[in-house]
Every structure is written in C-alpha cells, then in structure tokens.
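Contents: one structure, followed by commentary.
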Amino acid sequence: MVSEPHVETLALREQFDTAAQQKDASSLGMWIFLVTEVMFFGGMFLAYTVYRNMYPAVFGAASRSLNATLGAINTAVLLCSSFTMVLAVRAGQLGRRKVVIIFLVLTLILGMVFLGVKAFEWNEKFQEHHVPGPAFHLEGTPQQGEAQLFFSLYFAMTGLHALHMVIGAGLLALLIYQTYKGRFSAAYYTPIDMIGLYWHFVDIVWIYLFPLLYLIDRHGVKP
Amino acid sequence: MITAAVEEQQNYLNAGYGLKSWLLTKDHKRIALLYLATITFFFFIGGVFATLIRIELLSPHGNLVSSDTYNKLFTMHGVVMIFFFLIPSIPATLGNFFLPMMIGARDLAFPKLNLLSWYLLVIGGLFAIFAMVAGGVDTGWTFYTPYSTTYSNTWVVATALGIFIAGFSSILTGLNFIVTVHRMRAPGMTWFRMPLFVWAHYATAIIQVLGTPVLAVTIVLVAAERLLHLGIFDPARGGDPVLFQHLFWFYSHPAVYIMILPAMGVLSELVSVFSRKRIFGYSVVAFSSVAIAVLGFLVWGHHLFVSGMSLYAGMVFSFLSYFVAIPSAIKVFNWTATLYKGSISYATPMLYAFGFIGLFTIGGLTGLFVACLGIDVHVTDTYFVVAHFHYIMVGGAIMAYLGGLHYWWPKMTGRMYPEGWAKLSALVIFVGFNLTFFPQFILGYLGMPRRYHVYPDEFQVLHVLSTAGASVLAVGYMLPIVYFAWSLRYGKLAGSNPWKATGLEWTTASPPPPHNFDQIPVVTHEAYDYSAVIDEEVPVG
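Structure (structure tokens):
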C-alpha cells in the first residue's frame with residue numbers, strides 16, 4: 017500500500033525503512049503467533065482424540081449431557097462477533113473512526129454474551145456434579161473414571177478457550193480506547209487488523225470445540 | 144590518541160547510562176548482554192547442583208545427602224541447565240546480538256517483544272528459584288506422570304510455572320527471529336548470501352515456535368491435574384501417563400536441536416573464518432539446518448522405546464532417528480572439508496571449534512547406539528545416556544557457545560581477551576570435559592543406572608575419575624569469567640575487524656553504534672568470500 021510519506025512516519029518505528037515493511041512484519045509476526053496457538057491447542061486436541069478413540073461409548077454418553085442448544089447459540093454469537101470484527105477492520109481500512117468504534121463495541125458485547133452463556137453452562141455442570149473430583153457423578157454409565165476424563169478435557173479446553181476470549185475482550189477494549197483517541201487512520205490501522213486475526217482464531221477454535229465436545233453422539237443410543 | 148578517539152565515538156554501550164537505560168532498552172545488543180548476565184547466573188546455579196551431585200557420587204554409599212535430596216539435586220540441575228541456560232544460551236545472546244547485524248538490519252523486527260522475552264525468562268527463573276529455595280522439586284526434569292501429578296510432595300507447580308513462563312520467552316525470541324530474517328534483510332542480502340549462523344537460527348526459531356507451545360500446554364495439564372484434580376494423565380480414571388511422555392518429548396526432543404542448531408551455526412562461522420575459506424557446500428549446510436528442524440519433530444518416540452510403545456512404532460521411530468543423523472553428519476563432513484587445504488590458524492575460537500567437532504561426533508555416534516532398539520533396551524536410563532547427551536549439550540553446545548563468545552567478544556566489547564589464558568581455558572575445558580563424561584559411557588554400559596546415588600563398589604573408580612574431571616571442568620569454566628571481566632578494562636583495543644572476517648557485523652565499529660550501521664549496507668557478495676583476504680594471516684595473540 018502506498019501512502020503519503022508524512023503519514024507513514026507518524027507510526028513508523030525506527031528499525032523499519034517503510035510503512036509497508038512494518039505492516040508486513042506485524043502481519044507475519046501475528047500469523048506465526050497464531051501458529052504457536054494452534055500448536056498450543058493442538059496438544060489438547062491430541063489428548064481428546066486419543067481418549068475418544070479409547071472410550072467412544074463413555075465419551076458419547078458424557079457428550080450428550082452437555083447442553084447443545086446453548087452451545088449452538090454460543091456458536092452463532094461467536095460467528096456474529098467475527099462478522100462485526102471484519103466490519104470493524106474494513107471500517108479501519110477506510111479510516112471511518114466512528115464506524116470502527118461501533119463495530120468494535122458490538123464485537124465486545126457479543127464476546128461478553130458468549131462468556132456469560134459459558135459461565136451459565138459451567139455453573140450447570142457444577143450443580144449436576146459433572147466436575148471431575150470426588151463428588152463427580154454422571155448418570156447412565158458405569159465408567160465414572162472415563163467420564164471424568166471427558167469432563168477434564170471439556171473444562172481444560174473450554175476453559176483455555178474462554179481465557180483467550182477474556183484476553184481478546186481486553187484487547188478490544190484497548191482498541192476501542194485507542195480508536196477513540198484517534199490513534200488510527202486509513203494509512204495506519206495495523207493493530208485493528210492484527211487483533212482481528214486473533215479474534216477470528218479464537219472463533220475458529222470454538223468452531224472445532226463445539227462439534228467435538230457437544231455433537232459427537234447426539235443420535236446415538238439414548239440412555 | 145587512539146583510545147580517546149574510540150571513547151568519543153558513540154556506541155551502544157555509551158549511548159546511555161544508568162539502570163533504566165538497560166532495563167528499558169530496546170537495543171538488541173543491550174538485551175543480548177542482559178541475557179548474557181542472566182544465563183551466566185543460571186549456569187552457575189546449575190553448576191552448583193552438578194558439583195553437589197559429583198561430590199555425592201565420590202562414594203558408593205550415599206553418605207553426603209539423603210536420597211530425597213539427591214533426587215532434588217539432579218532434577219534442579221536438569222531444569223536450570225536446560226530451560227534457563229541451554230535453551231536461551233546461543234540464540235538469546237549471540238543470536239540476539241548478531242543476527243540483525245549479519246543481515247544488515249538496525250534491530251530485530253520487534254524490539255519491545257525482545258525485551259519482554261528477557262523479562263519473561265527472568266520471571267520464569269524467579270519462579271524456579273523460589274521453588275528451589277522453598278524446598279526443591281524431585282520429579283526429574285522430565286516431570287513424568289503420574290509421579291509429578293499425584294505423588295511428588297515437592298514444588299512441582301512452581302517449577303512448572305517457571306518453565307511455562309520461560310517457554311514464552313523462547314517462543315517470542317523464535318517469532319522475532321523468523322520475522323526479522325524474512326522482513327529485515329538489507330538490500331542485496333538474498334537468502335543464499337546469508338551467513339550460516341543466520342540459517343541455523345532460522346531453523347532453530349521454527350522449532351521454538353512449533354515445539355514450545357506443546358510443552359506449554361502439557362505443563363498446563365500437569366498443573367491442572369495437581370491443583371484442580373482434572374485427570375487427563377491419571378491411570379485411575381482411564382488416563383494414559385504415556386500420553387504425557389509423547390507430548391513432553393514432542394517438544395523436548397526438538398528442544399535438543401534448539402540447543403545444538405545454533406551451536407552448529409557458530410561452528411560454520413568459526414571454521415570458515417579461521418581457515419580463510421568459503422564453507423564447503425554452503426547450500427547443503429544451510430538446508431541441513433532446516434532438515435534437522437523438520438526431521439527433529441519426527442523422532443520423539445525414541446525416548447519411549449521401553450515405555451510401552453508398540454514394536455512397530457518403535458521401529459519407525461528408530462529408523463527416523465537414524466535418518467536425522469544424516470544432516471548432522473553432513474555438517475561435520477562439510478566443516479572438515481572446509482578445513483582441507485585451508486589456511487588454518489589456531490586462535491581460541493578455533494580451538495573450541497575443533498573441540499566441538501570431535502566431541503559432537505562422539506555424542507552423535509553414541510546417539511545412534513541409543514536410537515537402535517536392541518542396544519537402547521540395554522542402556523536405557525543408564526549413565527550411557529547421560530554421557531551421550533552431555534557430549535552433545537556440554538561438549539557440543541557449550542563448546543560452541545564459548546567459541547562464539549571468544550570470537551565475537553572483540554565486537555561486543557571493543558576489547559580483545561587475553562589469548563594465552565583463553566587457550567589455556569579451552570584446553571582445560573576439553574580435558575576436564577572428557578575426563579568427566581567419558582567414564583560415564585563405560586559406567587552406563589556396565590549397568591550403572593542414572594539418578595541413583597547408591598551404587599555397587601566396583602563402579603567407584605570410574606565415578607571418582609568423573610568427579611575429578613568435573614573439578615577440572617569447573618576450573619576451566621571459572622577462567623573465562625575472570626579474564627573476560629579483566630579484558631573489559633585491560634584488553635587490547637580490538638578494532639573493527641580483528642579476525643579479518645567477511646561478515647557484515649565486522650564492517651561496523653567495535654563496539655557497534657546504537658543502530659549497528661552508520662549507513663545500511665548494500666550486499667553484493669555471498670557470505671564467506673575470502674578470495675580477497677585469503678593470504679592474510681589471522682593475527683593471533
């Protein structure tokens with residue numbers, strides 16, 4: 017992208033020669049960071065795959081105890097938030113400050129809705145004694161240990177995903193503040209773009225988590 | 144006066160004074176020195192544990208420390224040396240300092256991230272030190288489950304948290320290097336004009352970025368199992384402790400290459416400059432670094448030959464482990480071929496390089512022993528394995544680290560180290576190292592298990608030899624500390640290019656100015672073009 021030199025120097029850091037080089041570097045750095053995130057979640061997806069292969073029946077039964085409706089609602093909420101995030105990035109590209117703020121706020125609200133629903137679901141799990149530990153009990157299967165494995169993975173995976181959402185929400189709040197202060201323009205909106213990438217990544221993780229955790233045995237034998 | 148002229152010139156050391164100018168610096172050279180101080184500190188902590196281990200093993204009856212304490216000693220020796228010294232050693236110091244200079248950049252792509260990664264290492268280190276002071280940890284540096292998750296009554300979580308945080312330091316360094324190599328090269332610095340040091344660090348960075356997150360999540364799961372009673376590796380709930388081993392070694396085997404690949408990069412520089420020759424088979428050496436990074440991810444299973452893995456998987460991992468030896472061997476052969484008809488000089492860095500080539504070859508070849516299924520069953524968890532990886536990590540990585548430190552010391556500080564003392568220390572370290580670890584090959588082959596401090600009387604002679612060697616080694620490591628410090632004040636002024644080397648880092652002043660180059664260089668030659676300086680002797684002494 018070619019823009020006027022005096023605009024470039026506004027946010028050009030001293031180690032770079034051009035704004036294009038700086039933007040390329042940020043973008044490559046963000047993608048590499050997302051690769052590390054894939055590897056991070058990958059460890060848990062591997063554990064899930066191994067245990068689901070070892071104990072398919074128990075995993076099916078445990079999966080049916082999750083509230084698929086709430087999971088589906090949350091999936092929709094998160095997809096919408098990705099959409100509003102894209103619109104925010106586009107508005108940033110066009111340098112329309114107010115529109116950026118509106119869409120970032122919408123994204124943040126949708127993120128909060130997701131976390132709220134998630135908290136409600138977790139609370140339900142606590143009340144139903146589905147949290148691994150001495151009080152654990154899952155109806156309909158004699159293999160209580162293996163059922164705890166499923167819920168260990170459920171809480172570890174959705175917990176770390178939620179942690180990423182919380183961090184994302186913090187970053188969005190920061191972006192909203194910076195946009196409000198006029199830090200960004202059509203010539204420099206890299207942070208909006210980068211945090212957009214992060215937000216989409218967190219979204220995609222959920223896109224995998226939802227079917228793997230909630231939908232594996234919906235049409236199996238009912239207990 | 145020359146001295147006055149040098150002092151007047153602005154460089155990265157006199158660009159600012161005071162604690163704040165160091166702790167908030169964004170200059171990759173200053174951050175490299177912060178790392179240097181930090182990892183030297185951890186090296187000596189790890190060294191203290193090693194010393195206690197070796198003293199204990201002087202007698203076969205275990206009469207210095209209790210078994211519990213001994214478990215903590217070897218655990219903390221491993222944790223400190225691997226995660227807080229070897230992993231950051233060459234990349235975070237020499238790599239941080241010279242990677243941007245070698246490709247003609249003013250700094251790394253993300254200077255603030257670079258500083259953050261140093262802070263992360265320090266914070267992680269503080270957690271680890273807290274765990275040590277509070278009572279230690281005794282799981283072995285490998286944290287095998289279910290001992291680490293259920294039975295150990297020591298500071299597992301604090302140590303694991305320290306490693307987790309330090310892991311992010313490593314990830315950010317790798318990320319910074321990859322982006323820097325892709326986006327910050329000077330005009331004309333094509334991929335195949337880059338020094339092999341840069342190629343090696345690029346390959347290392349790939350491993351750091353792909354491997355470390357897996358260790359991070361594994362540690363999170365162990366901590367969650369200890370604290371929250373999630374049961375992902377708990378056999379009582381159908382969990383599989385061997386899954387932990389797979390996840391752990393998926394990082395921790397490639398981690399060996401995080402330690403040795405940068406060392407190989409240093410070696411390529413040293414061998415080329417001190418034999419006044421272009422490195423033999425440049426592109427093959429460059430690609431072998433990448434090949435090691437890729438193949439290194441496919442061999443982790445050789446740590447699990449006796450852990451209940453299928454024979455078929457064992458055979459595949461055994462084959463792949465042989466396979467990864469090929470690019471390593473290519474490097475050794477190419478360095479040797481570079482020496483052929485070279486104009487070799489025996490400055491201290493070259494002595495370390497020779498030490499590396501010999502010791503790494505022994506370490507590598509014994510690696511083939513343990514990659515072989517049948518022999519591995521015999522030597523698993525014996526001193527043979529201990530000797531093998533110390534030949535790679537101490538005989539290889541630390542030798543290259545010290546060689547590189549001597550080679551670039553004049554550039555980093557503007558002063559020469561005392562050549563006579565340096566040569567003596569190289570010799571002492573080489574002798575001390577072999578005396579420490581060669582007997583351990585024999586011990587292991589005879590059946591001495593690792594991690595035991597009570598052993599049959601017949602092994603005592605070899606253990607005493609090993610401890611004697613460790614004492615010599617300790618003296619060898621103390622010497623550079625003393626004369627490097629001495630040289631800061633009394634060393635001869637180095638000038639910009641004391642070795643008559645070709646790299647871009649030698650075209651700028653010593654110590655370099657804050658932004659490395661007064662003018663960004665335009666590169667017209669490949670690295671290692673010694674045709675112009677071939678007849679000039681390297682000044683020694």
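Residue numbers (our numbering), protein chains in the order written: chain A, 17 to 239; chain B, 144 to 684. Each residue gets a CB set at the ideal place from its N, CA and C atoms; glycine is no exception.
| Item | Value |
| --- | --- |
| Please state whether the Cβ-Cβ distance between B:GLY510 and B:HIS531 is less than 8 Å. | yes |
| Ignore the nearest five residues each way along the sequence and tell me which others in B:TYR465's own chain have a CB closer than 7 Å to its CB. | LEU511, ALA514 |
| Could you round the C-beta distance between B:SER431 and B:ILE375 to whole angstroms and report it? I think they count as a contact, below 8 Å. | Actually they are not in contact, since the Cβ atoms of B:SER431 and B:ILE375 sit about 37 Å apart, beyond 8 Å. |
| In chain order, what residues of the same chain have a beta carbon less than 6 Å from the beta carbon of A:TYR230, not counting five sequence neighbours either side? | LEU82, ALA84, GLY87 |
| Grab me the residues of A:SER19's own chain with a C-beta within less than 6 Å of its C-beta, minus the 5 sequence neighbours each way, in chain order. | With a pLDDT of 41 at A:SER19, under the threshold of 50, the modelled position of that residue is not reliable, and no figure is offered here. |
| Is the beta carbon of B:ARG249 sitting closer than 8 Å to the one on A:GLU30? | yes |
| Take the Cβ of B:HIS344 as the centre, count every other Cβ of all protein chains shown within 10 Å, and call the residue buried at 16 or more, exposed below. | buried |
| Tell me the DSSP secondary structure of A:LEU169 in three-state form. | helix |
| Identify the contact partners of B:THR479 in chain A, using a Cβ-Cβ distance below 9 Å as the criterion. | Result: empty, since nearest Cβ-Cβ is about 35 Å, beyond 9 Å. |
| Cα separation between B:TYR294 and B:GLU368? | 12 Å |
| Provide the residue span of the alpha helix (DSSP H) that contains A:ARG68, from first to last. | 35–70 |
| Alpha carbon to alpha carbon, how far is A:SER42 from A:VAL74? | 45 Å |
| For B:ASP519, which option in B:LEU631, B:PHE448, B:ASN577 has the closest C-alpha, if you only look at C-alpha atoms? | B:PHE448 |
| Using three-state DSSP, classify A:ARG80 as helix, strand or coil. | helix |
| Please report the residue range of the alpha helix (DSSP H) in which B:ILE230 lies. | First-last for B:ILE230: undefined, no H or E at that position. |
| State the beta-bridge partners of B:THR525 as determined by DSSP. | B:PRO592 |
| Which first and last residues belong to the alpha helix (DSSP H) in which B:MET452 is found? | Note, B:MET452: premise wrong, no alpha helix (DSSP H); not H, not E. |
| Helix, strand or coil for B:LEU167, going by three-state DSSP, please let me know. | coil |
| How many Å lie between B:TYR626 and B:VAL571 at the Cα? | 15 Å |
| Quick one, which of B:LEU586, B:PHE423, B:ILE350 has its alpha-carbon nearest B:MET402's? | B:ILE350 |
| Helix, strand or coil for A:ARG113, going by three-state DSSP, please let me know. | helix |
| Of the residues that make up the region 28–50 of chain A, which ones have a beta carbon closer than 9 Å to any beta carbon in chain B? | ARG29, GLU30, GLN31, PHE32, ASP33, GLN37, GLN38, ASP40, ALA41, SER42, LEU44, GLY45, ILE48, PHE49 |
| Buried or exposed: B:ILE145, going by 16 or more other Cβ atoms within 10 Å of its Cβ? | Residue confidence for B:ILE145 is low, a pLDDT of 49 falling below 50, so the modelled location carries little weight; the figure read from the coordinates is stated next. B:ILE145 should be labelled exposed. |
| Tell me, please, whether the CB atom of A:MET173 is closer than 8 Å to any CB atom in chain B? | no |
| Tell me the DSSP bridge mates of B:ARG558? | B:LEU636 |
| Are A:GLY127 and A:ALA185 touching if we call contact CB-CB under 8 Å? | yes |
| Can you grab the Cα-Cα spacing for the pair A:VAL147 / A:TYR193, in whole Å? | 38 Å |
| Would you report the Cα separation of B:GLY310 and A:ILE125, rounded to the nearest angstrom? | 33 Å |
| So that I know if they touch, is there some Cβ in chain A lying closer than 8 Å to that of B:ALA637? | no |
| Please report whether the beta-carbon of A:ASP233 lies at a distance below 8 Å from any beta-carbon of chain B. | no |
| Is B:TRP298 helix, strand or coil when you go by DSSP? | coil |
| Can you tell me whether A:LEU231 is helix, strand or coil according to DSSP? | coil |
| Identify the contact partners of B:HIS533 in chain A, using a Cβ-Cβ distance below 9 Å as the criterion. | The premise fails here: B:HIS533 is roughly 29 Å from chain A at the closest Cβ pair, so nothing lies under 9 Å. |
| Within a Cβ cutoff of 7 Å, which residues of the same chain sit near B:TYR290, ignoring the five residues on either side of it in sequence? | THR282 |
| Go through its chain and collect everything with a Cβ distance to B:MET591's Cβ below 7 Å, but skip five positions before and after it. | THR525, TYR526, TYR598, PHE602 |
| Could you compute how far the alpha carbon of A:GLN109 sits from the alpha carbon of B:LEU315? | 28 Å |
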